[in-house]
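A quick write-up on the structure given underneath.
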Amino acid sequence: MNTKGSPVMAGGLFAVDRKWFWELGGYDPGLEIWGGEQYEISFKVWMCGGGMFDVPCSRVGHIYRKYVPYKVPSGTSLARNLKRVAETWMDEFAEYVYQRRPEYRHLSTGDISAQKELRKHLQCKDFKWFMAAVAWDVPKYYPPVEPPPAAWGEVRNNQARPNLTACSIFIAKEDIRPGEPLHTRKFCFDAISHSSPVTLYDCHGMKGNQHWSYRKVGVTLVIFRYSYYLESVLNLENNVFLQSKDIGFKNHYGLFQFSLNENLCRTCFF
Numbered sequence: 001m002n003t004k005g006s007p008v009m010a011g012g013l014f015a016v017d018r019k020w021f022w023e024l025g026g027y028d029p030g031l032e033i034w035g036g037e038q039y040e041i042s043f044k045v046w047m048c049g050g051g052m053f054d055v056p057c058s059r060v061g062h063i064y065r066k067y068v069p070y071k072v073p074s075g076t077s078l079a080r081n082l083k084r085v086a087e088t089w090m091d092e093f094a095e096y097v098y099q100r101r102p103e104y105r106h107l108s109t110g111d112i113s114a115q116k117e118l119r120k121h122l123q124c125k126d127f128k129w130f131m132a133a134v135a136w137d138v139p140k141y142y143p144p145v146e147p148p149p150a151a152w153g154e155v156r157n158n159q160a161r162p163n164l165t166a167c168s169i170f171i172a173k174e175d176i177r178p179g180e181p182l183h184t185r186k187f188c189f190d191a192i193s194h195s196s197p198v199t200l201y202d203c204h205g206m207k208g209n210q211h212w213s214y215r216k217v218g219v220t221l222v223i224f225r226y227s228y229y230l231e232s233v234l235n236l237e238n239n240v241f242l243q244s245k246d247i248g249f250k251n252h253y254g255l256f257q258f259s260l261n262e263n264l265c266r267t268c269f270f
C-alpha cells in the first residue's frame, strides 16, 4: 500500500493501536481542552519509535457531542498549550517559537516533569532528529527564521496618490508584506482575480495569487499569475486593482526609496 508519512496530523483524526497509545502516555493531561495536542501526539509518536502515515482510501470519523460538558477556557490556554509542547519536545528549536511569539516566554507551562520523565523512559529521539529525518522539507516552505527581504521601502504610484503602505517588504518567497523588515506581519498582498480589489490576506507561501514580481523597466509591480499590473482606481474607497498590460495605464505602482538585496532579487525574479 502506498502510504505517505506525515510529520503532524490532527489530534482527533487518526487511528492508533490502543495498547501502544497508552504506552506512549496518551495525550499530555496537562493540555487544556484542545490546541497543541496535534503537535504533542505527533512529535511523541515519531520521536518515540513510531510513525504517522496517510493511508489511501482510509476512513477516519470524528463524532461530535450534542453538547459541551465542560467549560471552554479563555485567554492564554492555547498559547500555554503550545509552549508546554515546545518545552517538552522541541529542545533548542523552542527558541524559534519564542522568536515568532515573544509573548510566550513569560507564560507558565505548568509542571512538565512527568512528561520529561516519560520521554526519557521511552528513550525518545531528540527534535533535531525529527527535523532531519521526518520534517526535512518543512523549513523550505516555513523557515524557522524569515529570510531577509529582497527589497523594502515605500510603495506609491506615479500620480502621487496615497501610499499602499509606508514600508512594504519584498520577501524571498516572492510575496509582499506590510511592516518593517525585522517585524514582518502575517498578511500579504493578495489578488483573488484580475477584477477584484487587491487586499491583505494571510500569507500562504504557495505563490499563485500572492506571487508578485518587480519590473525595473517601467518601475511596476506585476502579479505573476495574471501578468497584470498593480493599479490605483479613483473612487470613494481608494481601491487598488489589477490592470492588464495590454491596456494603457497611468496609475501603476512602483517602489521608491527602498534598499535592495541584488542577490535575492536575481534569485526571486524581482
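Letter by letter, the sequence shown follows residues 1 to 270 of full-length UniProt numbering.
For each residue, glycine too, the CB sits at the ideal point set by N, CA and C.
Computed from a predicted model, the values in this text were never measured in an experiment.
Here the segment 8 to 20 makes contact with the segment 42 to 62; the two share three or more CB pairs at distances below 8 Å. In the displayed model, glycine 208 falls within a helix according to three-state DSSP. For tyrosine 96, the enclosing alpha helix (DSSP H) begins and ends at 94 to 100. Judged by beta-carbon spacing, serine 42 lies within the 8 Å limit of methionine 9, meaning their Cβ atoms are closer than that value. About 7 Å separates the Cβ atoms of valine 145 and tyrosine 96, confirming a contact at the 8 Å cut-off. Nearest to alanine 94 by alpha-carbon distance, out of Pro69, Tyr39, Gln123, is Tyr39. In chain order, Leu24 place their CB closer than 6 Å to the CB of lysine 44, counting only its own chain and leaving out the 5 sequence neighbours on each side.
Note: phenylalanine 187 is bridge-paired with Asp202 in the DSSP secondary-structure output.
Counting the other CB atoms within 10 Å of its CB gives asparagine 209 a total of 16 or more, which places it among the buried residues. Contact annotation, leucine 107 with arginine 80: C-beta distance approximately 5 Å; criterion of less than 8 Å satisfied. In this structure, Met52 is the residue among Met52, Lys4, Thr3 with its C-alpha nearest to the C-alpha of phenylalanine 21. Taking the Cα of glycine 50 as reference, the smallest distance to any Cα among Lys125, Met206, Leu78 is reached at Lys125. When DSSP states are grouped into helix, strand and coil, lysine 66 belongs to the coil group.
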